[in-house]
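Below: one structure, written as structure tokens.
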Amino acid sequence: MPMTSTTFQCTLLRVSSLFLAAGFLCMTSLSLAATPPLSPPSAPREPKDVSVHGDKRIDDYFWLRNKEDPRTLPYLKAENAYADAWFAPHAALKEKLYQEMLGRIQQDDDSVPYRKGDWWYSTKTMQGEQYPRHLRRHAAGTDRAFDPRAKDETLLDLNAEANGQPFTRLGDAAVSPDAVRLAYSIDHTGGLDYVLRVKEVAAGAVDPWQVEQASSVAWGSDSRTLYYVTMDASKRSNRLWRHVIGAAGADTLLYEEKDEQFDIGVGATRDQKYVLLTSMSKDSSEVSAIDAAATPQSFALRTIFSRKANVEYHVDHRAGAFYVRINDTGRNFRLVKVDAAKPDLARAEELIAARNDVSLDDVDAFAHHLVVTERVNGNLQLRIVDLERPAGSHAIAFDEAAYSVNATGNAEFETGMLRFVYTSLTTPASTYDYDLASRERVLKKRQPVPGYDPALYASERITAKANDGTEVPISLVWRRDMKRPGPQPLLLYGYGSYGIPMDATFSQSRVSLLDRGVVFAIANIRGGGDQGRTWYEAGKMAKKQTTFTDFVACAEALVGRGITRPEMLAIQGGSAGGLLMGAVVNLRPDLFKAVIAQVPFVDVINTMLDETLP
39 MPMTSTTFQC
49 TLLRVSSLFL
59 AAGFLCMTSL
69 SLAATPPLSP
79 PSAPREPKDV
89 SVHGDKRIDD
99 YFWLRNKEDP
109 RTLPYLKAEN
119 AYADAWFAPH
129 AALKEKLYQE
139 MLGRIQQDDD
149 SVPYRKGDWW
159 YSTKTMQGEQ
169 YPRHLRRHAA
179 GTDRAFDPRA
189 KDETLLDLNA
199 EANGQPFTRL
209 GDAAVSPDAV
219 RLAYSIDHTG
229 GLDYVLRVKE
239 VAAGAVDPWQ
249 VEQASSVAWG
259 SDSRTLYYVT
269 MDASKRSNRL
279 WRHVIGAAGA
289 DTLLYEEKDE
299 QFDIGVGATR
309 DQKYVLLTSM
319 SKDSSEVSAI
329 DAAATPQSFA
339 LRTIFSRKAN
349 VEYHVDHRAG
359 AFYVRINDTG
369 RNFRLVKVDA
379 AKPDLARAEE
389 LIAARNDVSL
399 DDVDAFAHHL
409 VVTERVNGNL
419 QLRIVDLERP
429 AGSHAIAFDE
439 AAYSVNATGN
449 AEFETGMLRF
459 VYTSLTTPAS
469 TYDYDLASRE
479 RVLKKRQPVP
489 GYDPALYASE
499 RITAKANDGT
509 EVPISLVWRR
519 DMKRPGPQPL
529 LLYGYGSYGI
539 PMDATFSQSR
549 VSLLDRGVVF
559 AIANIRGGGD
569 QGRTWYEAGK
579 MAKKQTTFTD
589 FVACAEALVG
599 RGITRPEMLA
609 IQGGSAGGLL
619 MGAVVNLRPD
629 LFKAVIAQVP
639 FVDVINTMLD
649 ETLP
């Protein structure tokens, strides 16, 4: 992948976390300098009653929430000093790991161009630059082919945008239907403070109009009407606006989401017939449609189906019909088709029924086919539905036991080609073009990783038996020539929250662990979305304890199979995965040698009850 500033920052974070993981290897396979005895700082205990709803709770460290307390900053500095002192004897290894990881990043890199209308779009990162350039070039001939000899036109140079700024991150980037303008948002603070602007691409001129705290954007079909969403002070996306290029007066507020449980977002359908406003909470959603050709005089916001507790749905459009992925009759979603003019769920045509063993994760509508992303046995699968010959539907086959695949870069509505990106624990991200008629796939690019040979590594998927008998998948990867017949060091990663799956994907920095004889494993525990919505709901709310006991079961299975031993086992999780780390290390402190809790979300009740937090 290109060496962007985000890549660079993530590399630094991975160096730190992977070095911590390597720290426990000093008792196994690595020879590290002896760490001098250290005493960590001890925060004073000041009991504070934080009881709520009759639940008696005392927080001894509540005072640390106060940044203005004169003891807070010195204490944090003491924590940092302790960490620095612990790492000091290992500075040589830390630098070696960093240089290894940096060496696997090809800094001069291009993305695979994709076509939209009469243009091919791509990104390019130059040697020595921190950020990519967003480019396009005009399509050639009546078949709008990619011309390798044509010159690129710069849509947006993020290096120029970053000049003199402490931080730069691109949010949205949407080209108008006539390809004349670019709407884009950039954050220069790192606090999700995105500023939305509009640029005339050919002239390179940026309109003086701009909007702060923007979170999503979509163009109307006239290429002058811009719909955008802004956030409130708590970073909740709550207001939809309309801006008309060149029009006098203030922008028009079209909708405000009053329910604090919901965030909103706006986007256009692939056929550009509708702009969709989605209101989404953790358990329900509501989609409203705007005719993309609407004028201020003809504007109407039509709700497709009213929100309902515990029902989520997602919408795409084709040929006068909305294709709706909805979990009203089954938690893993079904697919129905309704009249776009008068959507009526009671009269919907069911195209794919809800299934207990298969999760319907996504549906993309094209002129002649649907691309259905399903999750089967924990792996993603792409199924092609030929709308003119439904009996000809088929799934794209993949060979590895654990992998991830996503349809991406498919901006054209009228097409016979599908682009997808495939990756696994041993295979870097690989971009393919798939001919829907011939079923031939062509590898367009594999993420370059200097010095990496995939033949040296192997992966597999095993299962652990949870307390209730459920089989929980575990994905593993190791270096072939360093695989021992007996136990060896192992890093077990887990998350298990918010329905977010931990799919098996490639990591450049992880290679440094594998090359030192460490096995890496992912526990696909409940609470995540690894096997669909039912898998998520089996580890949330009153069932949250299942997330923790699933992870313990995975660790026990790895020990039971002789792959590792507790004194060789490190575990890692971040944010909600940090909550997982805090829970399991208290449940089974005897089972783990080292724990990496990254930005751990462990003060859950106090945090969730604080309405001032975003």
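Take any residue in the sequence shown, note its place counting from 1, add 38, and you have its number in the numbering used here.
Each residue gets a CB set at the ideal place from its N, CA and C atoms; glycine is no exception.
It should be emphasised that the depicted structure is a prediction, and the values quoted were computed from it without experimental measurement.
In the DSSP assignment, find the beta strand (DSSP E) that holds residue i and state where it starts and stops.
i: glycine 303; result: 301-306
i: glycine 142; result: The residue you asked about is not glycine; residue 142 is arginine in the sequence shown. No beta strand (DSSP E) contains arginine 142, which DSSP labels as neither H nor E.
i: leucine 208; result: 207-213
i: glutamate 450; result: Unbroken run through glutamate 450: none, as it is neither H nor E.
i: asparagine 417; result: 417-424
i: aspartate 399; result: 396-403
i: phenylalanine 343; result: 340-343
i: valine 353; result: 351-356
Give the DSSP bridge partners of residue i, in chain order.
i: isoleucine 500; result: Ile512
i: arginine 153; result: Trp158
i: threonine 163; result: Asp147
i: threonine 268; result: Ala252 and Arg277
i: aspartate 97; result: Lys86
i: serine 468; result: Tyr460 and Arg484
i: glutamine 610; result: Tyr531 and Ile634
i: alanine 178; result: Ala183
i: alanine 359; result: Arg356 and Asp377
What is the DSSP secondary structure of residue i, counted as helix, strand or coil?
i: glycine 615; result: helix
i: leucine 474; result: coil
i: isoleucine 434; result: coil
i: histidine 281; result: strand
i: threonine 572; result: helix
i: glutamine 636; result: strand
i: leucine 494; result: helix
i: isoleucine 643; result: helix
i: glutamate 605; result: helix
i: cysteine 64; result: Here cysteine 64 scores only 42 on pLDDT, less than 50, and its place in the model is too uncertain to base an answer on.
i: serine 223; result: strand
i: glutamate 2; result: Because the chain here runs from 39 to 652, residue 2 falls outside it and cannot be looked at.
i: valine 556; result: coil
i: arginine 103; result: helix
i: alanine 71; result: Bear in mind that a pLDDT of 42 at alanine 71, under 50, signals an unreliable position, so the number given afterwards is only what the model happens to contain. It is coil, neither helix nor strand.
i: valine 549; result: helix
i: histidine 91; result: coil
i: aspartate 628; result: helix
i: glutamate 388; result: strand
i: glycine 620; result: helix
i: tyrosine 441; result: strand
i: methionine 318; result: strand
i: proline 539; result: coil
i: histidine 128; result: helix
i: proline 428; result: helix
i: lysine 578; result: coil
Taking all protein chains shown into account, do 16 or more other C-beta atoms lie within 10 angstroms of the C-beta of residue i, making it buried, or fewer, making it exposed?
i: histidine 355; result: buried
i: aspartate 301; result: buried
i: serine 549; result: Checking the sequence, you will find valine at residue 549 rather than serine. Looking at its Cβ environment, which holds 16 or more other Cβ atoms inside 10 Å, valine 549 is buried.
i: valine 244; result: exposed
i: glutamine 137; result: exposed
i: lysine 375; result: buried
i: asparagine 505; result: exposed
i: threonine 446; result: exposed
i: serine 497; result: buried
i: aspartate 210; result: buried
i: threonine 42; result: Caution applies to threonine 42, whose pLDDT of 35 falls short of 50 and renders its modelled position unreliable; the value that the coordinates give is listed next. Buried, since its Cβ has 16 or more Cβ neighbours within 10 Å.
i: histidine 91; result: exposed
i: proline 186; result: exposed
i: glycine 532; result: buried
The alpha helix (DSSP H) with residue i in it runs from where to where?
i: lysine 115; result: 110-125
i: valine 590; result: 583-598
i: alanine 200; result: 196-200
At least three beta-carbon pairs within less than 8 angstroms, the segment 275-290 to the segment 244-260: The segment 275-290 vs the segment 244-260: in contact.
Would you call the segment 314-324 and the segment 349-364 in contact, with 3 or more CB pairs under 8 angstroms? With contact defined as three or more Cβ pairs closer than 8 angstroms, the segment 314-324 and the segment 349-364 are in contact.
Would you check if there are 3 or more beta carbon pairs closer than 8 angstroms linking the segment 626-641 to the segment 557-572? Cβ pair count under 8 angstroms is below three, so no.
Inter-stretch contact (C-beta, 8 angstroms, three-pair minimum) for the segment 576-589 and the segment 172-181: A contact is defined here as three or more CB-CB pairs under 8 angstroms, and the segment 576-589 fails this definition with respect to the segment 172-181.
At least three beta-carbon pairs within less than 8 angstroms, the segment 455-465 to the segment 434-443: With a cut-off of 8 angstroms, the segment 434-443 and the segment 455-465 count as touching, because enough Cβ pairs lie within range.
Could you check whether the segment 264-274 touches the segment 237-256, counting it as contact only if at least three pairs of C-beta atoms, one from each stretch, sit closer than 8 angstroms? Contact between the segment 264-274 and the segment 237-256 is present, because at least three Cβ pairs lie under 8 angstroms.
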